[in-house]
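Taking full-length UniProt numbering, the leading residue of the sequence shown gets 1, the next gets one more, and so forth.
Just so you know, even glycine gets a beta-carbon here, dropped at the ideal spot from N, CA and C.
Read through the structure below, which is laid out as structure tokens, and then see the notes.
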Amino acid sequence: MTLNKEQIKRLFIGFDKPLALVIFLLMCVGLIALYSAAINMPGRVEDQIRNIVLTFILMWAVATLSTQTLMKFAVPLYTIGVGLLIAVAVFGLTKKGAKRWINLGIVIQPSEIMKISMPLMLAWYFQKREGNIQWFDYVVALLLLVLPVGLIAKQPDLGTGLLVAAAGLYVIYLAGLSWKLIFPVLIAGLLCIGTILAFEDKICQQDIKWHILHDYQKHRVCTLLNPTSDPLGKGFHTIQSVIAIGSGGLVGKGWLKGTQSHLEFIPEKHTDFIFAVFAEEFGLLGECALLVLFLLLIARGLVISASGATLFARLLSGAITMVFFTYVFVNMGMVSGILPVVGVPLPFMSYGGTALVTLGLGCGILMMVAREKRLMQS
1 MTLNKEQIKR LFIGFDKPLA LVIFLLMCVG LIALYSAAIN MPGRVEDQIR
51 NIVLTFILMW AVATLSTQTL MKFAVPLYTI GVGLLIAVAV FGLTKKGAKR
101 WINLGIVIQP SEIMKISMPL MLAWYFQKRE GNIQWFDYVV ALLLLVLPVG
151 LIAKQPDLGT GLLVAAAGLY VIYLAGLSWK LIFPVLIAGL LCIGTILAFE
201 DKICQQDIKW HILHDYQKHR VCTLLNPTSD PLGKGFHTIQ SVIAIGSGGL
251 VGKGWLKGTQ SHLEFIPEKH TDFIFAVFAE EFGLLGECAL LVLFLLLIAR
301 GLVISASGAT LFARLLSGAI TMVFFTYVFV NMGMVSGILP VVGVPLPFMS
351 YGGTALVTLG LGCGILMMVA REKRLMQS
């Protein structure tokens, strides 16, 4: 059976055209960068193309849902996610010193579920409290957030914990949390950063313990402040990626001509550090073009969020958009040497199926919110 033009149009009615175009362009740029980064890793590009196809199918499926349908999944997904995180803590699989996985016939990483289920749960909670949100609702929301973030931090998995915490905090902020409560926390954070910078020489001594962080996390922060203190260990990632970015100059060395990546100086070059590969080969102009694409993605997400038909839709889509910003900021920050290395991928560019599926889910939700608004206006 052949589909006519109208039937094909109806199949993609859920797609927001501006958002879909930006995502498509980012994926194309990502494949170009990945081809160069993984040129000595057969099968990586083919695997990523398969992941992209699956992501678009998932995005399409989610975009055709309604927000009412999605709300029904909020509590079950959150409950299952927390239950699996507890199961990981009790009898999870340990790899390279981290207990993050569980074998349920297939090996899964439950913390990935929380990237979507956390903002989904909080948006559902505030939707139920719409019109009668009190101070204690923010306390309840924080408790709902602290539980999974604490379990993820215990694994330990700082990168995923950061993203889950950010997703939840964005919902809480967008739900109307007063700046009178946010401002003191920001001041305290700045004071902590200032203290670390001022007393780096003393607090980074080997015999000094940071009780709120693991030793390897302390080492990451200290090597961020002074990468040359461990140039062949934890500081190696930062030093080599900064060299790659700087050596790209204005226009770059040209596609497939990056020496830092092709001579194997950049670790994890096809995943977390793919931005260094891209920057070396396409230079400052390429970086600016990439930043424009990410800014367009975030801007379109915020426009969709602002026009959401319900509080649930606005909170969820707004939080997802700001999580995209967090992905980009943290990844580019750690690759550029201004943030610690925490294992956060660059959206739609880093190799990996799990992260791409999570991003696809988020984009599908944005498209769902945009579709419902269009249907209301028609």
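Segment limits, alpha helix (DSSP H) that includes residue i
i      : result
Ile193 : 179-198
Ile172 : 158-174
Arg44  : 44-63
Val277 : 274-306
Leu250 : From DSSP, Leu250 is part of no alpha helix (DSSP H); its letter is neither H nor E.
Pro267 : First-last for Pro267: undefined, no H or E at that position.
Lys72  : 67-72
Residue-level contact to chain D via CB, residue i, 7 Å cutoff
i      : result
Val107 : In the displayed structure, chain D is absent; only one protein chain is listed.
Residue i versus the options, residue with shortest Cα-Cα distance
i      : options                        : result
Asp47  : Ser350, Ile365, Met71, Thr259  : Ser350
Ala89  : Val277, Lys218, Pro156, Leu143 : Pro156
Gln377 : Gly308, Ala63, Ile108          : Gly308
Leu144 : Thr79, Phe294, Ser317          : Thr79
Ile320 : Ile298, Asn103, Gly343         : Ile298
Ala74  : Phe312, Phe324, Val341, Phe348 : Phe312
Met114 : Pro18, Leu296, Val82           : Val82
Lys180 : Leu147, Trp135, Ala166         : Trp135
Ile266 : Gly235, Val251, Ile32          : Gly235
Leu361 : Ile116, Leu302, Thr259, Val107 : Ile116
Leu26  : Leu356, Arg371, Ala98          : Leu356
Leu162 : Thr354, Val341, Cys363         : Val341
Val277 : Thr223, Ile203, Ile208, Gly30  : Gly30
Leu302 : Met59, Gly194, Tyr170, Ile274  : Tyr170
Gly97  : Lys154, Asn132, Ala244         : Lys154
Gly258 : His237, Glu268, Gly283         : Gly283
Boundaries of the beta strand (DSSP E) in which residue i is found, first to last residue
i      : result
Thr358 : Segment 353-377 is the alpha helix (DSSP H) holding Thr358; no beta strand (DSSP E) there.
DSSP bridge partner residues for residue i (one or two, in chain order)
i      : result
Asn103 : Val107
Lys95  : Ala98
Residue burial classification, residue i (beta-carbon count within 10 angstroms, cutoff 16)
i      : result
Pro227 : buried
Asn40  : exposed
Cys288 : exposed
Glu280 : buried
Arg374 : exposed
Asp272 : buried
Arg50  : exposed
Cys222 : buried
Gln127 : buried
Gln206 : exposed
Leu197 : exposed
Helix, strand or coil at residue i according to DSSP, with G and I counted as helix
i      : result
Ile86  : helix
Ala33  : helix
Met334 : helix
Thr259 : helix
Ser117 : helix
Pro18  : helix
Ser241 : helix
Phe348 : coil
Leu339 : coil
Trp210 : coil
Ile23  : helix
Gly318 : helix
Ile39  : coil
Ile80  : helix
Cys222 : helix
Gln134 : coil
Thr271 : coil
Thr310 : coil
Cys204 : coil
Gln127 : helix
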